[in-house]
Every structure is written in C-alpha cells, then in structure tokens.
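Below you'll find the structure, written out as structure tokens, and then a few comments.
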Ligand SMILES: *Cc1c(COP(=O)(O)O)cnc(C)c1O
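In our numbering, the protein residues as written are 590 to 995.
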C-alpha cells in the first residue's frame with residue numbers, strides 16, 4: 590500500500606490518529622475561570638451575549654499544521670470538509686494557510702470562492718446529488734476534481750463539461766464495502782449506504798468515463814464514515830483502493846490522486862476541539878427523581894447529542910470552591926424531548942445565571958444550526974493571537990422572517 594501511495598498524490602490523506610496528539614487543549618482554566626487561548630469566556634459572554642460559539646483560531650491552524658506534517662513525505666493536498674464548519678472567517682483562515690476544500694454543494698463552493706478565488710484549484714466536489722448548475726459553477730471555477738458517485742452523474746457531468754468545453758478531472762467515489770465501527774448515521778462505506786459506486790464495477794465505469802472527450806479520470810476517492818477510532822477500516826478500504834489503482838493504471842489511465850476521505854481527518858480534526866458553545870443556565874428544576882439544568886442554548890444550536898448521541902463535556906465557566914456535584918439532564922428550551930445536551934450527567938452544582946461551556950462543539954455545531962422554534966442563530970467569535978473577533982452577528986427576528994410573504 591505504501592508503495593503505491595508514494596506514487597500518487599493523496600488529495601486528503603487522513604490516516605492521522607486524533608488520539609495521538611498531546612497538545613494543550615484550547616479551553617482551559619486560568620485560575621478558576623475558563624478561557625479560550627487565554628481570553629476569558631466570561632468576558633466574551635458579557636460582550637457578545639449567549640449562546641455563543643467561541644473558536645480558537647490558533648488551535649485550528651495548529652491542528653492543520655500537525656496534520657500536514659504527518660504527510661510531509663508524500664506529495665499531498667490537505668482538503669478541509671467545509672460542511673464541518675463553513676463560517677467564512679474559518680474558511681479564510683484555512684485558505685490562507687494553503688488548505689484545500691472538500692465541498693458537497695454549489696453553496697459551499699460559493700463560500701470558498703468568497704474567501705479565495707485561488708483556492709478553487711484545491712477543491713474536490715463530493716456528494717450523491719450534484720445538479721447541473723452546481724457542476725457548471727465548479728467547471729467554470731476550475732476545481733481540482735469531481736468525486737463522482739453514480740453512473741447517471743457521470744453522464745450528466747460529461748454533458749455539462751462538453752457544453753462548457755471545460756475538462757473535468759474526475760475520481761469515482763468507490764464504496765469499498767468496509768464496516769467502520771461508528772454511529773450508523775455517520776457510517777458510509779457499506780454497499781447498503783447511498784454513497785459511492787460499488788468497487789466491484791468501478792473498473793468498468795472508469796473505462797466508460799475514459800471514452801468521454803471532456804472527462805479525465807485522474808483519481809480514486811473513498812470515504813467510509815466519520816468519528817472512526819481505529820485505523821483498521823481505513824487500511825482495509827485503502828488496500829482495496831490500491832488494487833483498483835493498479836488495475837486502472839494497467840488499463841492505461843493516469844491515476845494521480847487518491848482521496849482517502851475523512852473520518853479521523855478534516856474537517857472534524859481541525860475544528861472540533863477548537864470550538865465551544867457557551868451558554869447561560871436559565872433555571873434548574875427537579876421533577877420527581879430527576880434534576881434538570883435548563884440552558885439558553887438548545888438543540889437548534891447544537892444538534893449532535895440528539896442526532897448522533899454525541900457526548901460533549903460540559904464545564905462551568907467559573908469553578909466554584911465547593912466540591913458539590915449534581916446529577917442532571919442538561920436541556921434547552923426547545924419543545925422536544927430530544928432537546929438535551931447530556932443525560933444523567935454528574936457535574937459541579939450550577940445555578941441560574943451561571944455560564945457553562947459545551948466543549949468540542951467546533952465541528953458540525955454551527956453548520957447544523959437551524960431556526961427551529963423560531964430561535965435566532967447565535968453569534969460566533971474567533972480568538973487568534975490573543976485577539977477576539979466577532980465573525981458572525983446574532984441573527985435578528987427580522988432577518989429570520991425576511992423571506993416570508995404574507
Ligand atoms: C463529511 C465528509 C468528510 C469529513 O468527515 P470528518 O468526519 O469531518 O472528517 C470528508 N469527505 C467526505 C466526502 C465527507 O462527506
């Protein structure tokens with residue numbers, strides 16, 4: 590595997606183990622007060638209100654560089670999955686460091702182009718439902734590669750490329766039929782999933798693609814899921830990809846890229862630990878045997894616990910002198926029983942008015958936020974080199990209602 594890997598460019602080589610790093614966490618106590626890269630979270634809550642997403646730009650770049658260092662020996666492009674956190678200021682930070690982007694919609698491409706026209710040549714476009722207008726946008730922008738997920742998509746892309754007279758470099762996203770131990774909603778590498786093309790018929794589809802004048806088979810792509818904690822499934826998937834690359838080269842195709850997908854790697858790897866959702870406790874109450882802590886943040890701000898049963902560490906922003914703890918459900922104000930951040934969690938006794946920080950919320954937090962219950966999407970701030978910048982205003986009610994017609 591390593592032999593072939595050394596000869597191909599890895600578009601998104603993502604075999605770094607997230608556990609293997611022992612850097613300082615970006616959110617830590619200074620004295621008894623929680624801070625983001627040295628900036629007090631209490632002061633940020635006072636200045637910008639809550640709920641509030643707070644990111645450490647320093648940490649994002651550190652993780653990005655750590656990742657790139659692991660692949661220093663291989664010709665590679667690191668591509669950040671925009672869907673993990675698509676806020677423009679974060680994309681800009683990454684674009685400035687030469688990072689590429691893995692996009693899944695025309696909208697995400699517009700975001701990338703908004704922060705850097707030059708970054709288009711480091712963009713790969715994945716997704717099972719690409720539409721003609723999105724393909725046209727990507728062809729005109731001159732992206733690095735389309736990860737094609739079906740034969741029907743291949744036909745449409747060939748048509749659009751011919752129409753615009755723009756060569757489309759393609760990889761087939763193959764489905765390696767590998768099981769990855771993770772939550773079923775974020776596992777993607779089995780034949781029963783909607784993603785990719787069955788690896789057993791890929792060679793035939795590549796042959797067909799090679800006959801199209803405006804398509805250029807240039808890579809093979811694979812993405813087996815997210816939050817995978819062992820390297821074993823990546824090994825199995827890539828072994829199958831390497832076999833395919835060898836066959837395709839025998840067929841005379843110039844396969845130069847292997848896109849190894851995400852899962853341990855970008856985007857979660859860069860942004861997850863770099864972000865916290867800061868929230869204020871509204872009330873505490875006891876119903877029968879259960880204690881509830883009700884926060885001003887809710888599932889519309891951070892849906893991961895409800896959607897993926899994700900675990901988020903919850904810390905009080907001010908550590909109290911007392912060692913008293915409670916066991917409680919931490920919940921939001923939304924009218925759904927699924928609106929919780931933690932259940933039966935032991936945490937230091939908090940009371941109305943206290944601030945709490947939900948850690949590891951930088952990935953798939955804000956990018957999945959909604960207006961459910963007509964709640965405004967929250968503000969975001971980025972801390973970099975000890976300086977704080979608000980990168981998104983809190984949405985107003987007028988902004989929420991502006992598209993509606995009476
Ligand atoms: C979501 C996704 C990624 C990134 O996954 P992470 O778990 O954030 O690393 C990479 N590639 C594709 C095709 C994806 O859909």
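Even glycine gets a Cβ: it sits at the ideal position worked out from N, Cα and C.
C-beta contact flag for residue i and residue j at 7 Å
i, j, result
"residue 861", "residue 951", "yes"
"residue 871", "residue 947", "no"
"residue 684", "residue 708", "yes"
"residue 906", "residue 641", "no"
"residue 657", "residue 667", "yes"
"residue 962", "residue 923", "yes"
"residue 1005", "residue 645", "No statement about residue 1005 is possible, as the shown extent of the chain runs from 590 to 995 and does not include it."
"residue 762", "residue 785", "yes"
"residue 911", "residue 886", "no"
"residue 829", "residue 765", "yes"
"residue 713", "residue 734", "yes"
"residue 804", "residue 849", "no"
"residue 883", "residue 936", "no"
"residue 920", "residue 881", "yes"
"residue 675", "residue 956", "yes"
"residue 958", "residue 966", "yes"
"residue 705", "residue 653", "no"
"residue 727", "residue 680", "no"
"residue 792", "residue 836", "yes"
"residue 732", "residue 769", "no"
Whole-angstrom C-beta distance between residue j and residue i, which should lie under 8 Å
i, j, result
"residue 760", "residue 810", "4 Å"
"residue 767", "residue 825", "5 Å"
"residue 753", "residue 725", "6 Å"
"residue 970", "residue 978", "7 Å"
"residue 856", "residue 670", "4 Å"
"residue 616", "residue 625", "6 Å"
"residue 808", "residue 846", "3 Å"
"residue 743", "residue 693", "Actually they do not touch by this definition, with Cβ atoms about 17 Å apart."
"residue 879", "residue 918", "6 Å"
"residue 960", "residue 889", "7 Å"
"residue 711", "residue 696", "Not really, about 18 Å apart at Cβ, beyond 8 Å."
For residue i, the first and last residue of its enclosing beta strand (DSSP E)
i, result
"residue 933", "929 to 937"
"residue 616", "616 to 619"
"residue 873", "864 to 876"
"residue 979", "976 to 981"
"residue 762", "757 to 764"
"residue 768", "No beta strand (DSSP E) holds residue 768; DSSP gives it neither H nor E."
"residue 881", "879 to 884"
"residue 973", "968 to 973"
"residue 811", "Careful: residue 811 lies outside any beta strand (DSSP E) and carries neither H nor E."
"residue 914", "914 to 920"
"residue 848", "846 to 848"
Check: residue i C-beta below 6 Å from any heavy atom of ligand 1
i, result
"residue 776", "no"
"residue 949", "no"
"residue 812", "yes"
"residue 857", "yes"
"residue 715", "yes"
"residue 787", "no"
"residue 530", "Here the chain covers residues 590 to 995 and nothing more, so residue 530 does not appear."
"residue 727", "no"
"residue 695", "no"
"residue 617", "no"
"residue 815", "yes"
"residue 691", "yes"
"residue 574", "The first residue shown for the chain is 590 and the last is 995, placing residue 574 beyond what the model contains."
"residue 808", "no"
"residue 670", "yes"
"residue 627", "no"
"residue 757", "no"
"residue 851", "yes"
"residue 634", "no"
"residue 673", "yes"
Element boundaries [alpha helix (DSSP H), containing residue i]
i, result
"residue 678", "677 to 685"
"residue 830", "821 to 839"
"residue 714", "Careful: residue 714 lies outside any alpha helix (DSSP H), inside the beta strand (DSSP E) at 712 to 714."
"residue 858", "857 to 860"
"residue 894", "893 to 897"
"residue 658", "646 to 659"
"residue 988", "986 to 990"
"residue 794", "791 to 799"
"residue 637", "630 to 637"
Cβ-heavy atom distance, residue i to ligand 3, below 6 Å
i, result
"residue 681", "The model depicted lacks ligand 3 and carries ligand 1 instead."
TODO: At 4 residues or longer, and completely inside the region 689 to 741: list those alpha helix (DSSP H) runs for me, N to C.
DONE: 695 to 704, 721 to 730
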